[in-house]
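Notes follow the structure.
Number of protein chains: 2
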Amino acid sequence: MGNAQLGRPRAFDADEALEKAMLVFWEHGYEGASLSALTEAMGISRKSMYAAFGNKEELFHKALLRYVEGPAAYPVQAVQAATARRVATEFLAGAMRTATLPGHPPGCLGLRGALTVDESVRAARDALATWRIEGHERLRDRFRRAVDEGDLPADADPDLIARYVQTVANGLIIQAMGGTTRDELARVADAAMRNWPPG
Amino acid sequence: MGNAQLGRPRAFDADEALEKAMLVFWEHGYEGASLSALTEAMGISRKSMYAAFGNKEELFHKALLRYVEGPAAYPVQAVQAATARRVATEFLAGAMRTATLPGHPPGCLGLRGALTVDESVRAARDALATWRIEGHERLRDRFRRAVDEGDLPADADPDLIARYVQTVANGLIIQAMGGTTRDELARVADAAMRNWPPG
DNA sequence: GTAGATAGTTACCGATCGGTGCAGAACTGG
DNA sequence: CCAGTTCTGCACCGATCGGTAACTATCTAC
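Chains as they are written, first to last, in this note's numbering: chain A, 4 to 202; chain B, 4 to 202.
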């Protein structure tokens, strides 16, 4: 076991720096966020970034983790709601809230990243694909349970319902990126939820 | 009125080249499509591209035009349907078809472009923003007419309905980019259309 | 033929990309 | 003080970015 502190201590707060990096990735996507833009926002030099986070891909991965545990924690929280309807309502509300957070870039880091990152950047792509798939499975499993509990009709299709919710959520996020206001988004979400359970 | 043909004739078909460029932009977005990738796909040199299309932004603009008049003509066609319900159904079907065209990149050139292009590229951004706004207005005006004609209830909100249709369409396109199959998408669209008119 | 115009090829431009080598600065344990 | 370790600042790497100058090739008009 090495000593707790060895060598020169770093002159910046790694957590704050990661937060800034997350915001840059959120706004510009993976490829659009240059090292210069990232390190400038983080307030550190290239070398310090590499020493602290590895490289651009690892930095993105850590920023994505921070994102899904912070501003985009709503998918995990929503499935804990008491009823399937509440799950869907909270999921859509969370997507809208995250996509229109004041002081943050409009839209979703994961979505922008998914559409931005090139084939060549395997690790980042895989992380995003995994995140999408897990999101779908989480919703689907929750709706399965709702069917078992009688909260949803016995002939309801949990897979379809999960995909429906994700589709509307993604659509709302895209609208938010285009400048649609929270109020307008909320009315669309309400309209979508008048159809419940879908299918 | 200059002479019809002057100087050395070009050795490639500009239309075919533009088609290839459109596919590259479709797959990689604006920033992700490098000049090398574009000209290689087009089968011409950089210089020929510049002589024929101006520069990258103009090439994108022309590719986008070709896109909305070709594979993505469905928004214009859908509003010509006889009823509001058919308009929405055809709009969603068109979005799904375009986003899953065999032999073409999954998803939508306009959507990928909108999420990919940086602030710095004004012209491309503006063209995409205009395209989105026109799409919304086209749908909204069509649903207004439907209200006037009694095809939609007098208290229906054309703006909301248009936004709803666009939201679902965009969500479906995102799903398609993630690998969701046509059949699965169609079931989501069906579910969304059970709720009609929305709101 | 020649003059004029446009297309094609090659090689290159400065800027920026992600990533590093190196030397010195700042810390801990002796 | 010293040795050992880690962080920082700066200059720099090769590769690629969008875009272009110079030259040659191929056409029309006369």
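By construction, the Cβ of each residue, glycine as well, lies at the ideal position given by its N, Cα and C atoms. Here the structure is a predicted model, which means the values were calculated and not measured.
Express the C-alpha separation of A:Ala-157 and A:Asp-151 in angstroms, rounding to a whole number. As a first step, residue 151 of chain A must be located in the first sequence, where it is residue number 148. As a first step, residue 157 of chain A must be located in the first sequence, where it is residue number 154. Rounded to whole angstroms, A:Asp-151 to A:Ala-157 spans 7 Å at the Cα level.
Selection from A:Val-168, A:Gln-169, A:Thr-86, A:Gln-178 that minimises the alpha carbon distance to A:Arg-148: Position 145 of the first sequence, counted from the start, is the residue given in the question as residue 148 of chain A. Minimum Cα distance to A:Arg-148 is reached at A:Thr-86.
May I ask you to report which of helix, strand or coil DSSP gives A:Leu-104? Sequence index remark: in the first sequence, residue 104 of chain A carries index 101 (1-based). Reduced to three states, the DSSP call for A:Leu-104 is coil.
What do you get for A:Ile-136, buried or exposed, if any count of 16 or more other CB atoms within 10 angstroms of its CB means buried? Against the first sequence, residue 136 of chain A aligns to sequence position 133. Exposed.
Are the CB atoms of A:Ala-66 and A:Ile-47 nearer to each other than 9 Å? Taking the first residue of the first sequence as 1, we reach residue 66 of chain A at position 63. Taking the first residue of the first sequence as 1, we reach residue 47 of chain A at position 44. No, they are not a contact pair.
Could you tell me whether any Cβ in chain A is nearer than 9 Å to the Cβ of B:Glu-187? Within the second sequence, residue 187 of chain B is the residue found at index 184, counting from 1. It does; some Cβ of chain A falls within 9 Å.
Please report the residue range of the alpha helix (DSSP H) in which A:Gln-80 lies. Here the question's residue 80 of chain A lines up with position 77 in the first sequence. 77-81 is the extent of the alpha helix (DSSP H) around A:Gln-80.
For A:Tyr-167, which residues in chain B fall below 8 Å Cβ to Cβ? The residue you call residue 167 of chain A lines up with position 164 of the first sequence. Chain B residues near A:Tyr-167: Val-191, Ala-194, Ala-195.
Expressed to the nearest angstrom, what Euclidean distance is found between the alpha-carbon atoms of B:Phe-94 and B:His-139? Position 91 of the second sequence holds residue 94 of chain B. Position 136 of the second sequence holds residue 139 of chain B. Approximately 12 Å, taken between the alpha carbons.
If you reduce the DSSP assignment to three classes, tell me which class B:Ile-177 lands in. Within the second sequence, numbered from 1, the residue matching residue 177 of chain B stands at position 174. Of the three classes helix, strand and coil, the one that applies to B:Ile-177 here is helix, per DSSP.
Determine whether the Cβ of B:Asp-154 lies closer than 9 Å to any Cβ atom of chain A. Locating residue 154 of chain B in the second sequence gives position 151, where the first residue counts as 1. With 9 Å as the cut-off, B:Asp-154 does not count as an interface residue toward chain A.
In the DSSP assignment, the alpha helix (DSSP H) including A:Asp-144 goes from what residue to what residue? By 1-based counting over the first sequence, the position of residue 144 of chain A is 141. That run of the alpha helix (DSSP H) goes 125-151.
Bounding residues of the alpha helix (DSSP H) (the contiguous stretch that carries A:Asp-18): In the first sequence, residue 18 of chain A corresponds to position 15, counting from 1. 17-35 is the span of the alpha helix (DSSP H), which, as asked, contains A:Asp-18.
Does the Cβ-Cβ distance between B:Leu-142 and B:Val-82 come in under 9 Å? The residue given as residue 142 of chain B occupies position 139 in the second sequence. The residue given as residue 82 of chain B occupies position 79 in the second sequence. In this structure, B:Val-82 lies closer than 9 Å to B:Leu-142 by Cβ.
Between A:Val-120 and A:Ser-39, what straight-line distance do the alpha-carbon atoms span, to the nearest angstrom? Position 117 of the first sequence, counting from 1, holds the residue named residue 120 of chain A. Position 36 of the first sequence, counting from 1, holds the residue named residue 39 of chain A. Rounded to whole angstroms, A:Val-120 to A:Ser-39 spans 18 Å at the Cα level.
What in chain B is Cβ-close to A:Thr-133, meaning under 7 Å? On the first sequence, residue 133 of chain A is found 130 positions in, with the first residue counted as 1. By Cβ distance, chain B contributes nothing, its closest Cβ being about 12 Å from A:Thr-133, past 7 Å.
Residues within the segment 4-34 of chain A neighbouring chain B, beta-carbon criterion of under 8 Å: His-31, Gly-32, Glu-34
Please classify B:Asn-6 as buried or exposed, where buried requires at least 16 other C-beta atoms within 10 Å of its C-beta. One-based indexing of the second sequence puts residue 6 of chain B at position 3. Confidence at B:Asn-6 is low in this model, with a pLDDT of 49, below 50, so its placement is unreliable and the value that follows should be read with caution. The residue is exposed, with fewer than 16 neighbouring Cβ atoms inside 10 Å.
Drop a sphere of 10 angstroms on the beta-carbon of A:Gly-35, count the other beta-carbons inside from all chains shown, and report buried for 16 or more, exposed for fewer. Looking up residue 35 of chain A in the first sequence gives position 32. Buried is the call here.
Could you tell me which of B:Gln-169, B:Gly-113, B:Thr-92, B:Asp-129 sits nearest to B:Arg-197, measuring between CA atoms? Along the second sequence, one-based indexing puts residue 197 of chain B at 194. Checking every option, the nearest Cα to that of B:Arg-197 belongs to B:Thr-92.
Scan the segment 94-114 of chain B for residues whose Cβ lies nearer than 9 Å to a Cβ of chain A and list them as they occur along the chain. Gly-110, Leu-114
Can you list, in chain order, the residues of its chain with a C-beta nearer than 8 Å to that of A:Leu-9? Leave out the 5 residues immediately preceding and following it. For the purposes of this step, residue 9 of chain A is taken as the residue at position 6 of the first sequence. Closer than 8 Å at the Cβ level, and outside the excluded window around A:Leu-9, lies no residue.
Report back the beta-carbon spacing between A:Gly-116 and A:Ala-127 to the nearest angstrom; my notes put them in contact at under 8 Å. As a working mapping, residue 116 of chain A is identified with position 113 in the first sequence. As a working mapping, residue 127 of chain A is identified with position 124 in the first sequence. Indeed they touch by this definition, with Cβ atoms about 7 Å apart.
Coil, strand or helix - B:Pro-74 by DSSP: Here residue 74 of chain B refers to the residue found at position 71 of the second sequence. Looking at B:Pro-74 - three-state DSSP - the assignment turns out to be coil, as it is neither helix nor strand.
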